[in-house]
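J.:
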Amino acid sequence: MKRFEELFAPHMDAAYNLARWLTGNDSAARDVVQESALRAFRFLHRFADGNPKAWFLTIVRNESYTWLKAAAGHRWVAINNELIDDEPALSHSQTPELLAIHTENAVQIQQALSALPPAFREVIILKELEDLPYKDIALVVDIPIGTVMSRLARARAMLKLELQKMHDHE
Numbered sequence: 001m002k003r004f005e006e007l008f009a010p011h012m013d014a015a016y017n018l019a020r021w022l023t024g025n026d027s028a029a030r031d032v033v034q035e036s037a038l039r040a041f042r043f044l045h046r047f048a049d050g051n052p053k054a055w056f057l058t059i060v061r062n063e064s065y066t067w068l069k070a071a072a073g074h075r076w077v078a079i080n081n082e083l084i085d086d087e088p089a090l091s092h093s094q095t096p097e098l099l100a101i102h103t104e105n106a107v108q109i110q111q112a113l114s115a116l117p118p119a120f121r122e123v124i125i126l127k128e129l130e131d132l133p134y135k136d137i138a139l140v141v142d143i144p145i146g147t148v149m150s151r152l153a154r155a156r157a158m159l160k161l162e163l164q165k166m167h168d169h170e
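Those letters in the sequence shown? Residues 1 to 170, by the UniProt record's numbering.
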């Protein structure tokens, strides 16, 4: 139990974030993380000395896709547009106007991310929100590192296009 906590407890927030972005559902994300933690604990003996975050996020990713397939009858579902509750507290340098702009931008980015196919959304989440190195993303998503880089470049271009479409419709 102690080894499990040392290896995986520091990565629970990252696990939740990935599950939340992939499932688009807060309660599903909690269930996915709980099931993933149970699997990680059960199969701890299979974890060799490596990267515990990448190993755990691989389990979370797989559980998220399992949940998506079950919930959608093997169809992909769109992510809803709820804000993540990890906004920092209002600092003295943030005026209400700046906070409103930041919030509006965050909502637009979330909507644009939600429009991306899961394979592209996950690489952006892992790189930009979780700050994983390319090699760890390759482990989590189970694709070659070159594919991670090209998929990330395509995902960024798709995200930019989605944001431009939103801006053009204003």
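Cβ atoms here follow ideal geometry from the backbone N, Cα and C, with glycine treated the same way.
In this text, all values refer to a predicted model and were calculated from it rather than measured experimentally.
To the nearest angstrom, report how far apart A119 and E63 are at their CA atoms.
T.: Those two C-alpha atoms are separated by around 15 Å.
J.: Just to check my reading of the structure: H11 and F56 have Cβ atoms closer than 8 Å, yes? What is that Cβ distance to the nearest angstrom?
T.: Confirmed, Cβ separation roughly 5 Å.
J.: Where do the ends of the alpha helix (DSSP H) carrying M166 lie?
T.: Note, M166: alpha helix (DSSP H), I145 to D168.
J.: Under 8 Å Cβ to Cβ from D142, same chain only, skipping five residues before and after it: list those, please.
T.: Contacts found: T58.
J.: Where does L129 fall in DSSP's three states?
T.: Note: L129 maps to helix in three-state DSSP.
J.: Can you give me the Cβ contacts of A29 inside the same chain, cut-off strictly under 7 Å, excluding the 5 residues immediately before and after it?
T.: Correct list, in chain order: Y16, A19, R20 and T23.
J.: State the start and end residues of the unbroken alpha helix (DSSP H) segment that holds M12.
T.: First-last of the alpha helix (DSSP H) with M12: M12 to T23.
J.: Count the other CB atoms within 10 Å of the CB of D131; is the residue buried (16 or more) or exposed (fewer)?
T.: Its Cβ having fewer than 16 others within 10 Å, D131 is exposed.
J.: What is the residue span of the alpha helix (DSSP H) that F8 lies within?
T.: First-last of the alpha helix (DSSP H) with F8: K2 to F8.
J.: From this set, T147, V123, W67 and E5, which residue's C-alpha is nearest D26's C-alpha?
T.: Among T147, V123, W67 and E5, the Cα nearest to that of D26 is on W67.
J.: Taking C-beta to C-beta, are L116 and A155 nearer than 8 Å?
T.: Their beta carbons are under 8 Å apart, which means L116 touches A155 by this criterion.
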